[in-house]
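Since the structure comes first, as structure tokens, the remarks are kept for the end.
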Amino acid sequence: NAGVTQTPKFQVLKTGQSMTLQCAQDMNHEYMSWYRQDPGMGLRLIHYSVGAGITDQGEVPNGYNVSRSTTEDFPLRLLSAAPSQTSVYFCASSYFHEQYFGPGTRLTVT
Amino acid sequence: GDSVTQMEGPVTLSEEAFLTINCTYTATGYPSLFWYVQYPGEGLQLLLKATKADDKGSNKGFEATYRKETTSFHLEKGSVQVSDSAVYFCALSDQRNNDMRFGAGTRLTVKP
Numbered sequence: 873n874a875g876v877t878q879t880p881k882f883q884v885l886k887t888g889q890s891m892t893l894q895c896a897q898d899m900n901h902e903y904m905s906w907y908r909q910d911p912g913m914g915l916r917l918i919h920y921s922v923g924a925g926i927t928d929q930g931e932v933p934n935g936y937n938v939s940r941s942t943t944e945d946f947p948l949r950l951l952s953a954a955p956s957q958t959s960v961y962f963c964a965s966s967y968f969h970e971q972y973f974g975p976g977t978r979l980t981v982t
Numbered sequence: 453g454d455s456v457t458q459m460e461g462p463v464t465l466s467e468e469a470f471l472t473i474n475c476t477y478t479a480t481g482y483p484s485l486f487w488y489v490q491y492p493g494e495g496l497q498l499l500l501k502a503t504k505a506d507d508k509g510s511n512k513g514f515e516a517t518y519r520k521e522t523t524s525f526h527l528e529k530g531s532v533q534v535s536d537s538a539v540y541f542c543a544l545s546d547q548r549n550n551d552m553r554f555g556a557g558t559r560l561t562v563k564p
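Residue numbers (the working numbering), protein chains in the order written: chain L, 873 to 982; chain H, 453 to 564.
Structure, rendered in structure tokens:
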């Protein structure tokens with residue numbers, strides 16, 4: 873079992889560029905989520921999905937899109953990157969409230 | 453809405469010292485409570501959890517007791533090691549859904 877995998881590990885974008893952060897899990901979990909981690913603020917929920925075809929907004933959804941076409945994959949899209957989106961992004965899948973996190977993607981927007 | 457407040461760091465201790473990291477929560481329902489640990493350059497890992505009042509979660513020498521009367525879930529360890537150096541996050545999850553709220557994290561450094 874690979875658990876939760878994320879790519880890329882590091883990314884630098886210019887303001888206005890778009891990109892997709894990839895997330896995949898092989899545990900057959902229905903619930904998946906995206907968080908951003910900023911210094912002194914813990915983790916904040918961006919979007920989540922309770923199953924294939926179903927997504928919803930979390931605490932800080934603006935500037936991000938998600939889709940869930942399969943149980944395994946939950947990509948996060950940045951539509952037009954802004955410096956305020958510089959952060960570390962974690963994907964997680966969940967089973968009975970126990971979350972399993974990926975290793976993270978460190979994104980810098982210049 | 454639901455929220456978690458945890459002791460601000462950083463916390464620096466000598467090896468074998470006693471550790472307490474305070475965590476209090478606000479919730480309208482009956483949350484499950486968690487402690488996660490994040491080692492440098494890694495994602496969060498579940499350290500321990502408790503799902504109802506008076507439950508005690510424990511793992512790797514760490515313990516925390518779910519106290520409904522004081523809305524707290526303080527993390528303790530009797531004798532810390534250098535390898536315990538990490539960032540610790542308190543979190544809650546409403547049992548009606550999977551939404552999880554995290555505290556800001558407490559950085560622990562243990563010196564030999």
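The beta carbon of each residue, even a glycine, is placed where N, CA and C say it ideally should be.
Cβ-Cβ separation, residue j to residue i (assumed contact under 8 angstroms), whole Å
{"i": "H901 of chain L", "j": "Y967 of chain L", "result": "5 angstroms"}
{"i": "F973 of chain L", "j": "G557 of chain H", "result": "Not really, about 13 angstroms apart at Cβ, beyond 8 angstroms."}
{"i": "F962 of chain L", "j": "Y907 of chain L", "result": "5 angstroms"}
{"i": "S905 of chain L", "j": "L951 of chain L", "result": "The Cβ separation is near 19 angstroms, so there is no contact."}
{"i": "A479 of chain H", "j": "L500 of chain H", "result": "Going by Cβ atoms, the distance from A479 of chain H to L500 of chain H rounds to 18 angstroms, so no, they are not a contact pair."}
{"i": "G914 of chain L", "j": "F541 of chain H", "result": "6 angstroms"}
{"i": "F470 of chain H", "j": "G509 of chain H", "result": "Going by Cβ atoms, the distance from F470 of chain H to G509 of chain H rounds to 18 angstroms, so no, they are not a contact pair."}
{"i": "H526 of chain H", "j": "T457 of chain H", "result": "Their Cβ separation, rounded to whole angstroms, is 12 angstroms, which puts H526 of chain H and T457 of chain H out of contact at 8 angstroms."}
{"i": "A964 of chain L", "j": "Q971 of chain L", "result": "4 angstroms"}
{"i": "A954 of chain L", "j": "V981 of chain L", "result": "6 angstroms"}
Contact under 7 angstroms by Cβ, residue i with residue j
{"i": "F554 of chain H", "j": "A538 of chain H", "result": "no"}
{"i": "S493 of chain H", "j": "D546 of chain H", "result": "Per the sequence shown, residue 493 of chain H should be read as Gly rather than Ser. Cβ atoms of G493 of chain H and D546 of chain H: not closer than 7 angstroms."}
{"i": "V938 of chain L", "j": "L948 of chain L", "result": "yes"}
{"i": "V463 of chain H", "j": "L560 of chain H", "result": "yes"}
{"i": "A505 of chain H", "j": "K520 of chain H", "result": "yes"}
{"i": "E460 of chain H", "j": "V534 of chain H", "result": "no"}
{"i": "Q883 of chain L", "j": "L979 of chain L", "result": "yes"}
{"i": "D898 of chain L", "j": "A874 of chain L", "result": "yes"}
{"i": "T927 of chain L", "j": "R940 of chain L", "result": "yes"}
{"i": "T977 of chain L", "j": "L893 of chain L", "result": "yes"}
Under 9 angstroms from the C-beta of residue i: neighbouring residues of chain H
{"i": "P975 of chain L", "result": "G493, E494, G495"}
{"i": "H919 of chain L", "result": "Ordered by position in chain H, no residue passes the 9 angstroms Cβ test against H919 of chain L, which lies about 12 angstroms from the chain."}
{"i": "G912 of chain L", "result": "E460, A556, G557"}
{"i": "F962 of chain L", "result": "G495, L496"}
Under 7 angstroms from the C-beta of residue i: neighbouring residues of chain L
{"i": "S422 of chain H", "result": "Outside the shown range of chain H, which is 453 to 564, sits residue 422 of chain H, and nothing can be said about it."}
Per-residue contacts from residue i into chain L (C-beta, under 8 angstroms)
{"i": "D551 of chain H", "result": "L917, Y920, G930"}
Beta-bridge partners of residue i, as assigned by DSSP
{"i": "S484 of chain H", "result": "H:S545"}
{"i": "F962 of chain L", "result": "L:Y907"}
{"i": "E528 of chain H", "result": "H:T472, H:E515"}
{"i": "M891 of chain L", "result": "L:L950"}
{"i": "G923 of chain L", "result": "L:I926"}
{"i": "Q497 of chain H", "result": "H:V489"}
{"i": "M552 of chain H", "result": "H:S545"}
{"i": "G509 of chain H", "result": "H:A516"}
{"i": "A896 of chain L", "result": "L:T877, L:D945"}
Contact set between residue i and chain L, taken where Cβ atoms lie within less than 9 angstroms
{"i": "K565 of chain H", "result": "Only positions 453 to 564 of chain H appear in this structure, which leaves residue 565 of chain H out of reach."}
{"i": "K501 of chain H", "result": "H969, E970"}
In chain order, what residues of the stretch 470-486 of chain H put their CB closer than 7 angstroms to some CB of chain L? S484
According to a CB-to-CB cut-off of less than 7 angstroms, which residues of the stretch 526-541 of chain H neighbour chain L? F541
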